[in-house]
Amino acid sequence: MNKNLKIVFIIVAALTVILTIVALVVAFLTADKKGSNQNTNVTITNEGQATNATSNNTNAGNTGNENTNTSPTNTAGTEPATTLESSLKTTASNFTERFGSYSNDSDYENISKLMIYMSESMQKWADHYIKEQQAASLPDAEYYGITTKALSTKTISLDEDKGTAEFTVSTQRRETAGSQEAKVFYQDVTIKFIKESGSWKVNEALWQTVQ
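Numbered per the UniProt record's numbering, the sequence shown spans residues 1 to 211.
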């Protein structure tokens, strides 16, 4: 009887040891697997962060592009005025050079060919002036000519809402009369614009005192 109990005890002890070993092995394998998963998760997380960082950088680049693109758009609020001012200054400069360059051989083309740039009021003035000068012209008059070069154009005022603008164009003029030596002088001219039927037109060209 004692012998049988010893055998049973030995068997139970052996099974206990075996089960303990199996439990330890299973626990170790499970822990190792979890550790691998955790490492994998960390790697994914890191990659995810790197990807997010890259995305953020890309967005920052896009944001930069958006800012760059927005710059003209924001400027577009002021851009029309800037562009308009630049355009009118160029027109004033070109108009001045042609308007101020004349010879008695040209039959006042310096004025007649500029009428498309003039307001209705100035066109009427131009018509009247040309007829008046032609009537007073002498067929045998000695040669007279003057050329004008715009040196700079200064904005005096620009009101897009009111449709008015004024510029001062500084010029260098060269006057020739008959056989006399050419005379060079400097003179400013005030060019005034008005917006007429949706278009900007020269309404006045006023020569100032010779410098």
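Using N, Cα and C, we set each Cβ at its ideal position, and we do this for glycine too. As the structure is a computational prediction, the values presented were derived from the model and not from experiment.
- Between T171 and T148, the C-beta gap is smaller than 8 Å, which places the two residues in contact.
- DSSP places K124 in no beta strand (DSSP E) but in the uninterrupted alpha helix (DSSP H) bounded by E120 to A136.
- Cβ atoms of I146 and S101 come within 8 Å of each other, at about 7 Å.
- Closest by C-alpha distance to T209, out of T190, K201 and S137, is T190.
- In this structure the region 103-122 lies against the region 135-143, because at least three pairs of beta carbons, one per stretch, are closer than 8 Å.
- When Cβ pairs closer than 8 Å are counted between the two stretches, the region 169-186 is seen not to touch the region 195-203, the count staying below three.
- Out of L84, N110 and I111, the CA that lies nearest to the CA of E166 is found in L84.
- The straight-line gap separating the alpha-carbon atoms of M118 and T91 is approximately 11 Å.
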